[in-house]
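Novice:
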Amino acid sequence: MLCAEFEDRLTDYLDGALALDAQRTMGEHALRCPVCHDLLNEVKNTIRACRTAEAPMPSVELEASILLHTAPETVMTCEEFEDYLTDYLDGFLPATLYHRWERHAALCEHCTNLPGDVVRSIGACYSYISEERPVPAQLHERILQATLGTTQAEQVRAPLGARIMEWVRAWLDVVVTPQLATVATMVLAAVLVGTTTLSDDGSIAGMYRASLRIAHGASDAARNAAILGRRENGAQERNDNGQRNAQPTQQQERRQQSAQ
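Counting from 1 along the sequence shown, just add 2 to a position and that's the residue number in our numbering.
(1) Would Phe94 be called buried (16 or more neighbouring beta carbons within 10 Å of its own) or exposed?
(2) State buried or exposed for Met167, treating a residue as buried only when at least 16 other CB atoms are found within 10 Å of its CB.
(3) In three-state DSSP terms, what is Ala57?
(4) Rounded to whole angstroms, what's the CA-CA distance from His142 to Glu134? Just pull it up for me.
(5) Report the three-state DSSP secondary structure of Thr152 (helix, strand or coil).
(6) Measuring straight from C-alpha to C-alpha, what distance separates Cys52 and Glu7?
(7) Following the continuous alpha helix (DSSP H) through Glu7, name the residue where it begins and the one where it ends.
(8) Looking at the structure shown, is Gly93 part of a helix, part of a strand, or coil, going by DSSP?
(9) Indicate the three-state DSSP secondary structure (helix, strand or coil) for Arg135 in the structure shown.
(10) If you follow the alpha helix (DSSP H) that Met28 is in, where does it begin and where does it stop?
(11) For Cys38, count neighbouring C-beta atoms within 10 Å of its own C-beta (all shown protein chains included) and say buried if the count is 16 or more, exposed if not.
(12) With the cut-off set at 9 Å, would you say Glu104 and Ala73 are in Cβ contact?
(13) Can you tell me the Cβ-Cβ gap for Ala108 and Glu63, rounded? I've got them flagged as a contact below 8 Å.
(14) Taking the straight line between their C-alpha atoms, what separation do you get for Cys149 and Gly163?
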(Lines of atoms letter the chains of each structure in order from A and count residues from 1; the text may use other names and numbers.)
(Lines give C-alpha, C1' and ligand atoms only; values in the text may rest on other atoms or scores of the structure.)
Protein backbone atom coordinates (compact mmCIF):
# COMPACT_ATOMS: atom_id res chain seq x y z
CA MET A 1 0.00 0.00 0.00
CA LEU A 2 1.22 3.47 -0.85
CA CYS A 3 1.23 6.36 1.66
CA ALA A 4 -1.21 8.36 -0.46
CA GLU A 5 -3.69 5.48 -0.40
CA PHE A 6 -3.17 5.19 3.38
CA GLU A 7 -4.04 8.86 3.84
CA ASP A 8 -7.15 8.53 1.68
CA ARG A 9 -8.47 5.58 3.70
CA LEU A 10 -7.37 6.88 7.12
CA THR A 11 -10.80 8.25 8.06
CA ASP A 12 -12.57 4.99 7.18
CA TYR A 13 -9.86 3.07 9.04
CA LEU A 14 -10.40 5.04 12.24
CA ASP A 15 -14.17 4.68 11.91
CA GLY A 16 -13.88 0.90 11.32
CA ALA A 17 -15.73 1.13 8.03
CA LEU A 18 -13.22 -0.85 5.95
CA ALA A 19 -13.38 -4.52 5.10
CA LEU A 20 -11.40 -6.92 7.24
CA ASP A 21 -8.61 -7.39 4.67
CA ALA A 22 -8.32 -3.65 4.00
CA GLN A 23 -8.30 -2.97 7.74
CA ARG A 24 -5.43 -5.45 8.21
CA THR A 25 -3.50 -3.92 5.30
CA MET A 26 -3.85 -0.39 6.77
CA GLY A 27 -2.51 -1.61 10.14
CA GLU A 28 0.46 -3.37 8.55
CA HIS A 29 1.35 -0.24 6.55
CA ALA A 30 1.15 1.95 9.66
CA LEU A 31 3.58 -0.40 11.42
CA ARG A 32 6.04 -0.48 8.49
CA CYS A 33 5.95 3.26 7.53
CA PRO A 34 7.11 5.62 10.32
CA VAL A 35 5.64 8.66 8.55
CA CYS A 36 2.15 7.14 8.32
CA HIS A 37 2.54 5.82 11.87
CA ASP A 38 3.18 9.36 13.18
CA LEU A 39 0.28 10.67 11.07
CA LEU A 40 -2.04 8.05 12.56
CA ASN A 41 -0.97 8.97 16.12
CA GLU A 42 -1.45 12.70 15.48
CA VAL A 43 -4.93 12.17 14.09
CA LYS A 44 -5.90 9.97 17.07
CA ASN A 45 -4.55 12.54 19.57
CA THR A 46 -6.39 15.34 17.79
CA ILE A 47 -9.67 13.44 17.83
CA ARG A 48 -9.20 12.63 21.53
CA ALA A 49 -8.49 16.27 22.35
CA CYS A 50 -11.54 17.45 20.41
CA ARG A 51 -13.77 15.01 22.27
CA THR A 52 -12.52 16.09 25.70
CA ALA A 53 -12.39 19.82 25.00
CA GLU A 54 -15.35 22.05 25.92
CA ALA A 55 -17.37 23.57 23.14
CA PRO A 56 -16.43 27.24 22.67
CA MET A 57 -19.09 29.84 23.27
CA PRO A 58 -20.33 31.40 20.04
CA SER A 59 -19.31 35.01 19.64
CA VAL A 60 -21.85 37.79 19.59
CA GLU A 61 -20.84 38.65 16.05
CA LEU A 62 -21.49 35.08 14.85
CA GLU A 63 -24.88 34.91 16.58
CA ALA A 64 -25.88 38.31 15.22
CA SER A 65 -24.82 37.39 11.70
CA ILE A 66 -26.80 34.13 11.81
CA LEU A 67 -29.93 35.89 13.10
CA LEU A 68 -29.55 38.64 10.52
CA HIS A 69 -29.76 36.09 7.70
CA THR A 70 -32.27 33.73 9.29
CA ALA A 71 -34.58 35.99 11.36
CA PRO A 72 -34.19 39.58 10.19
CA GLU A 73 -37.33 40.67 12.07
CA THR A 74 -35.43 40.30 15.38
CA VAL A 75 -32.75 42.79 14.37
CA MET A 76 -32.83 46.15 16.19
CA THR A 77 -32.71 49.42 14.26
CA CYS A 78 -30.29 52.26 14.99
CA GLU A 79 -33.10 54.44 16.34
CA GLU A 80 -34.16 51.73 18.81
CA PHE A 81 -30.52 51.22 19.75
CA GLU A 82 -30.15 54.88 20.70
CA ASP A 83 -33.47 54.87 22.57
CA TYR A 84 -32.38 51.96 24.77
CA LEU A 85 -28.82 53.22 25.28
CA THR A 86 -29.55 54.93 28.62
CA ASP A 87 -31.39 51.88 29.98
CA TYR A 88 -28.52 49.65 28.85
CA LEU A 89 -25.93 51.75 30.68
CA ASP A 90 -28.12 51.80 33.81
CA GLY A 91 -28.64 48.03 33.68
CA PHE A 92 -32.43 48.21 33.29
CA LEU A 93 -32.83 46.37 29.97
CA PRO A 94 -34.75 43.05 29.97
CA ALA A 95 -32.90 39.96 28.78
CA THR A 96 -34.52 39.87 25.33
CA LEU A 97 -33.79 43.52 24.59
CA TYR A 98 -30.32 43.19 26.09
CA HIS A 99 -29.25 40.48 23.64
CA ARG A 100 -30.83 42.29 20.67
CA TRP A 101 -29.02 45.46 21.73
CA GLU A 102 -25.64 43.69 21.95
CA ARG A 103 -26.14 41.98 18.60
CA HIS A 104 -26.88 45.31 16.94
CA ALA A 105 -23.79 46.85 18.58
CA ALA A 106 -21.68 44.00 17.18
CA LEU A 107 -22.98 44.31 13.61
CA CYS A 108 -23.61 48.04 13.09
CA GLU A 109 -20.44 50.01 12.40
CA HIS A 110 -22.22 53.28 13.18
CA CYS A 111 -23.39 52.16 16.64
CA THR A 112 -20.42 50.04 17.74
CA ASN A 113 -18.45 52.91 19.29
CA LEU A 114 -21.48 54.84 20.55
CA PRO A 115 -21.67 53.25 24.06
CA GLY A 116 -18.00 53.88 24.69
CA ASP A 117 -18.30 57.49 23.56
CA VAL A 118 -21.27 58.05 25.87
CA VAL A 119 -19.47 56.49 28.85
CA ARG A 120 -16.41 58.66 28.26
CA SER A 121 -18.62 61.74 27.97
CA ILE A 122 -20.32 60.94 31.27
CA GLY A 123 -16.94 60.48 32.93
CA ALA A 124 -15.77 63.83 31.57
CA CYS A 125 -18.93 65.52 32.88
CA TYR A 126 -18.33 64.07 36.36
CA SER A 127 -14.74 65.29 36.32
CA TYR A 128 -15.90 68.78 35.32
CA ILE A 129 -18.53 68.80 38.06
CA SER A 130 -15.95 67.95 40.74
CA GLU A 131 -13.76 70.85 39.65
CA GLU A 132 -14.64 74.37 40.76
CA ARG A 133 -14.62 76.56 37.70
CA PRO A 134 -14.87 80.36 37.74
CA VAL A 135 -18.20 81.96 36.87
CA PRO A 136 -18.09 83.52 33.40
CA ALA A 137 -18.06 87.29 33.29
CA GLN A 138 -21.49 88.97 33.41
CA LEU A 139 -23.28 85.62 33.64
CA HIS A 140 -25.72 86.87 36.27
CA GLU A 141 -26.51 89.99 34.25
CA ARG A 142 -27.21 87.94 31.13
CA ILE A 143 -29.52 85.61 33.07
CA LEU A 144 -31.46 88.55 34.52
CA GLN A 145 -31.71 90.21 31.13
CA ALA A 146 -32.98 87.01 29.50
CA THR A 147 -35.54 86.23 32.23
CA LEU A 148 -36.67 89.63 33.60
CA GLY A 149 -35.72 91.96 30.78
CA THR A 150 -33.54 94.09 33.06
CA THR A 151 -30.41 93.72 35.13
CA GLN A 152 -31.92 95.59 38.10
CA ALA A 153 -33.92 92.87 39.83
CA GLU A 154 -35.02 95.13 42.71
CA GLN A 155 -36.89 97.36 40.26
CA VAL A 156 -39.13 94.53 39.08
CA ARG A 157 -42.43 94.17 40.95
CA ALA A 158 -44.63 91.16 40.77
CA PRO A 159 -48.04 91.59 39.09
CA LEU A 160 -51.00 92.66 41.23
CA GLY A 161 -52.62 89.23 41.00
CA ALA A 162 -49.42 87.54 42.18
CA ARG A 163 -49.11 89.93 45.13
CA ILE A 164 -52.74 89.30 46.14
CA MET A 165 -52.22 85.54 45.92
CA GLU A 166 -49.09 85.84 48.05
CA TRP A 167 -51.01 87.85 50.66
CA VAL A 168 -53.84 85.30 50.73
CA ARG A 169 -51.34 82.45 50.98
CA ALA A 170 -49.58 84.13 53.92
CA TRP A 171 -52.94 84.69 55.66
CA LEU A 172 -53.95 81.07 55.12
CA ASP A 173 -50.61 79.89 56.50
CA VAL A 174 -51.42 81.71 59.75
CA VAL A 175 -54.99 80.42 59.87
CA VAL A 176 -54.17 76.77 59.28
CA THR A 177 -51.31 76.55 61.77
CA PRO A 178 -51.30 73.45 64.01
CA GLN A 179 -52.11 75.54 67.11
CA LEU A 180 -55.23 77.03 65.54
CA ALA A 181 -56.20 73.62 64.24
CA THR A 182 -56.19 72.34 67.83
CA VAL A 183 -58.29 75.29 69.00
CA ALA A 184 -60.75 74.75 66.16
CA THR A 185 -61.05 71.08 67.09
CA MET A 186 -61.75 71.98 70.72
CA VAL A 187 -64.39 74.55 69.71
CA LEU A 188 -66.04 72.05 67.40
CA ALA A 189 -66.10 69.44 70.15
CA ALA A 190 -67.60 71.97 72.57
CA VAL A 191 -70.31 72.88 70.04
CA LEU A 192 -71.16 69.23 69.45
CA VAL A 193 -71.35 68.49 73.17
CA GLY A 194 -73.39 71.63 73.82
CA THR A 195 -75.90 70.92 71.07
CA THR A 196 -76.41 67.35 72.28
CA THR A 197 -76.55 67.98 76.05
CA LEU A 198 -77.61 71.61 76.63
CA SER A 199 -79.79 72.46 73.65
CA ASP A 200 -83.43 71.44 73.89
CA ASP A 201 -83.86 71.18 70.13
CA GLY A 202 -80.31 70.20 69.09
CA SER A 203 -79.52 73.57 67.48
CA ILE A 204 -76.93 76.21 68.25
CA ALA A 205 -79.73 78.69 69.09
CA GLY A 206 -81.10 76.25 71.66
CA MET A 207 -77.62 75.88 73.14
CA TYR A 208 -77.37 79.68 73.33
CA ARG A 209 -80.72 79.93 75.17
CA ALA A 210 -79.69 77.18 77.56
CA SER A 211 -76.40 78.98 78.18
CA LEU A 212 -78.29 82.19 78.99
CA ARG A 213 -80.52 80.32 81.43
CA ILE A 214 -77.52 78.78 83.10
CA ALA A 215 -75.81 82.17 83.27
CA HIS A 216 -78.92 83.82 84.80
CA GLY A 217 -79.27 80.97 87.27
CA ALA A 218 -75.62 81.28 88.26
CA SER A 219 -76.03 85.06 88.68
CA ASP A 220 -79.13 84.64 90.86
CA ALA A 221 -77.42 81.99 92.94
CA ALA A 222 -74.41 84.25 93.45
CA ARG A 223 -76.65 87.19 94.45
CA ASN A 224 -78.63 85.06 96.91
CA ALA A 225 -75.44 83.69 98.37
CA ALA A 226 -74.13 87.24 98.87
CA ILE A 227 -77.37 88.33 100.63
CA LEU A 228 -77.33 85.27 102.85
CA GLY A 229 -73.72 85.90 103.70
CA ARG A 230 -74.42 89.48 104.69
CA ARG A 231 -77.32 88.34 106.91
CA GLU A 232 -75.16 85.78 108.64
CA ASN A 233 -72.42 88.35 109.18
CA GLY A 234 -74.98 90.80 110.73
CA ALA A 235 -76.31 88.14 113.08
CA GLN A 236 -72.80 87.22 114.12
CA GLU A 237 -71.96 90.84 114.84
CA ARG A 238 -75.10 91.23 116.97
CA ASN A 239 -74.20 88.16 118.99
CA ASP A 240 -70.70 89.45 119.54
CA ASN A 241 -72.01 92.84 120.71
CA GLY A 242 -74.47 91.20 123.11
CA GLN A 243 -71.70 89.13 124.66
CA ARG A 244 -69.49 92.19 125.09
CA ASN A 245 -72.37 94.10 126.77
CA ALA A 246 -73.09 91.20 129.09
CA GLN A 247 -69.53 90.98 130.42
CA PRO A 248 -69.57 94.33 132.41
CA THR A 249 -72.88 93.36 134.08
CA GLN A 250 -71.45 90.11 135.29
CA GLN A 251 -68.37 91.89 136.66
CA GLN A 252 -70.57 94.33 138.62
CA GLU A 253 -72.54 91.47 140.15
CA ARG A 254 -69.32 89.81 141.30
CA ARG A 255 -68.17 93.07 142.93
CA GLN A 256 -71.45 93.49 144.78
CA GLN A 257 -71.27 89.96 146.08
CA SER A 258 -67.72 90.56 147.24
CA ALA A 259 -68.74 93.76 149.07
CA GLN A 260 -71.52 92.01 150.90
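Every residue gets a Cβ at the ideal spot worked out from N, C-alpha and C, and that includes glycine.
These figures come from a predicted structure and were not determined experimentally.
Specialist: This is what the structure gives:
(1) For Phe94, the number of other beta carbons within 10 angstroms of its own is below 16, and it is reported as exposed.
(2) Answer is exposed; the Cβ neighbour count stays below 16.
(3) Three-state DSSP puts Ala57 in coil, outside helix and strand.
(4) Looking at the backbone, the Cα of His142 and that of Glu134 are separated by about 17 Å.
(5) For Thr152, the secondary structure class from DSSP, reduced to helix, strand or coil, is coil.
(6) Cα to Cα, Cys52 sits roughly 25 Å from Glu7.
(7) Residues 5 to 10.
(8) Coil at Gly93, not helix or strand.
(9) If DSSP states are grouped into helix, strand and coil, Arg135 belongs with coil.
(10) Its alpha helix (DSSP H) spans residues 22 to 34.
(11) With 16 or more neighbouring CB atoms inside 10 Å of its own CB, Cys38 falls in the buried class.
(12) Not closer than 9 Å, so no.
(13) So it is a contact: roughly 5 Å between Cβ atoms.
(14) It should be noted that the sequence gives Thr, not Cys, for residue 149. In a straight line, the C-alpha of Thr149 is about 19 Å away from that of Gly163.
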